[in-house]
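Peer 1: Structure in structure tokens, see below.
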Ligand code: HSE
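Right, dumping it as structure tokens:
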């Protein structure tokens, strides 16, 4: 092999950083053969050099300050797996680009918030930023959309983008356990973010959706316009009712081109059990795209954890080793369009709603009248259990309506005092 080795510096030795070192060392001859050059980690950086990490790290140059690593002339590629949208992670990426190094990151928060500026910097210095690992872990969805589907005009995409939430919802459905217990388990398995509220409140999914929307539609990233709702309020009761009605509850990220502009949403949805995405369970992620000529395509795989995320980082390293370059967001940054954001009033769909009510005459009439007053048409109604003194659940599904009208109806029902707690609602998506 006459080509010079590609020299890697890894900043951050958590789950993903250690995984990257492991994937590169355990498969070094295979990777070198694929790159036609040696790929080797030469330097590492983390806060605590004495922490037990289960790997012999003594052969690597140790940097306690990652910013010093970014200036090391013996490093070609900086892998940033520290995390966080600002602070040291951002400083490191900027510094690495300024020092004319390629960057690879698994940091969706950073790309979702600063991806455009970083892409401009990368273009300016003729280097690349690989962020395959930032979206859907081991699923090569960035490559699939940016390269495999570059001949198609994508109109919509949707997917399960957070392994922790999908794991929690799957376990709650399969075992009837409650939310907090299953969340603890997902954290122990290394799926959750350092701050798990990012997972369960939908923020992590929204970071990933913002990136996918940009590479699919060729528009500037617009994280702030995403309508975000997490899974905290999903109860075992809703999961059971969803099953009874023929649905599963999934936290989906969805981006759609409409005449009113681009819709970007992250929220729990009921999807029919017959839809393939309903069967994506556990830590698995999936993304479905719909575009001109090709129609619908679907990608599925592990969305979190050491091996899958490290595998995506290493795929980006191999692209750099082979000088395979592509526009970071589908087109050069100067050609990215400003996103025209669709107003929330353009959101139309069917909904599931649950009310905890007293089992007495007139309750149904109150609910029906409020829906009627707001132009929301019921499709089906169902009551479970009978109790004179305790709350019983009433659930209904609606025909197509706009979300604002449904919310007005639910507010009126809450004000009427026939309910013990605020009504819950979940959008039904019939993919
Ligand atoms: N916390 C994320 C998840 C990890 O659960 O999907 C991968 O981004």
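Numbering (our numbering), first residue to last: -15 to 415. Ideal Cβ placement from N, Cα and C applies to all residues, glycine included.
Taking Cβ positions, are residue 336 and residue 281 nearer each other than 8 Å?
Peer 2: No.
Peer 1: Indicate the three-state DSSP secondary structure (helix, strand or coil) for residue 417 in the structure shown.
Peer 2: Only positions -15 to 415 of the chain appear in this structure, which leaves residue 417 out of reach.
Peer 1: Short of 7 Å in beta carbon distance, which residues of its chain neighbour residue 305, apart from the five on each side in sequence? Order them along the chain.
Peer 2: Same-chain partners within the cutoff: -10, 19, 21 and 23.
Peer 1: For the ligand HSE, I want to know if residue 146 counts as a neighbour, meaning its beta carbon is within less than 7 Å of at least one of the ligand's heavy atoms.
Peer 2: Yes, the ligand HSE has a heavy atom inside 7 Å of this Cβ.
Peer 1: Rounded to the nearest angstrom, what separates residue 162 and residue 153 at their Cα positions?
Peer 2: Their backbone Cα atoms lie some 10 Å apart in a straight line.
Peer 1: Output the boundary residues of the beta strand (DSSP E) element that contains residue 397.
Peer 2: Here residue 397 belongs to no beta strand (DSSP E); instead the alpha helix (DSSP H) covers 387 to 399.
Peer 1: Using C-beta distances below 6 Å, list every residue in its chain close to residue 144, excluding the 5 sequence neighbours before and after it, in chain order.
Peer 2: The answer, listed in chain order, is 150, 234, 264, 269 and 270.
Peer 1: Since residue 259 contacts residue 415 with CB under 8 Å, what's their CB separation in whole angstroms?
Peer 2: Rounded, the Cβ-Cβ distance is 5 Å, consistent with contact.
Peer 1: Does the distance from the CB of residue -3 to the CB of residue 28 come in under 8 Å?
Peer 2: Cβ distance < 8 Å, so residue -3 and residue 28 count as in contact.
Peer 1: Are at least three pairs of beta-carbons, each pair with one atom in the segment 187 to 199 and one in the segment 218 to 225, less than 8 Å apart?
Peer 2: Contact between the segment 187 to 199 and the segment 218 to 225 is absent, because fewer than three Cβ pairs lie under 8 Å.
Peer 1: Any heavy atom of the ligand HSE closer than 7 Å to the Cβ of residue 283?
Peer 2: No; taking the cut-off as 7 Å, the Cβ of residue 283 has no heavy atom of the ligand HSE nearer than that.
Peer 1: Three-state secondary structure (DSSP) at residue 132?
Peer 2: If DSSP states are grouped into helix, strand and coil, residue 132 belongs with the helices.
Peer 1: Rank 127, 343, 367 and 216 by C-alpha distance to the C-alpha of residue 309 and give the top, closest one.
Peer 2: The shortest Cα separation from residue 309 among 127, 343, 367 and 216 belongs to 127.
Peer 1: Could you pull out every residue in the same chain whose Cβ sits closer than 6 Å to the Cβ of residue 12, ignoring the five residues on either side in sequence?
Peer 2: There are no such residues.
Peer 1: Where residue 345 and residue 229 are concerned, what is the direct C-alpha to C-alpha distance, given to the nearest angstrom?
Peer 2: One C-alpha to the other measures close to 25 Å.
Peer 1: Which class does residue 74 belong to by DSSP, given the choice of helix, strand or coil?
Peer 2: DSSP places residue 74 in helix when its eight states are reduced to three.
Peer 1: Sorry if obvious, but does the Cβ on residue 121 come closer than 7 Å to a heavy atom of the ligand HSE?
Peer 2: Because some heavy atom of the ligand HSE lies under 7 Å away, the Cβ of residue 121 counts as near it: yes.
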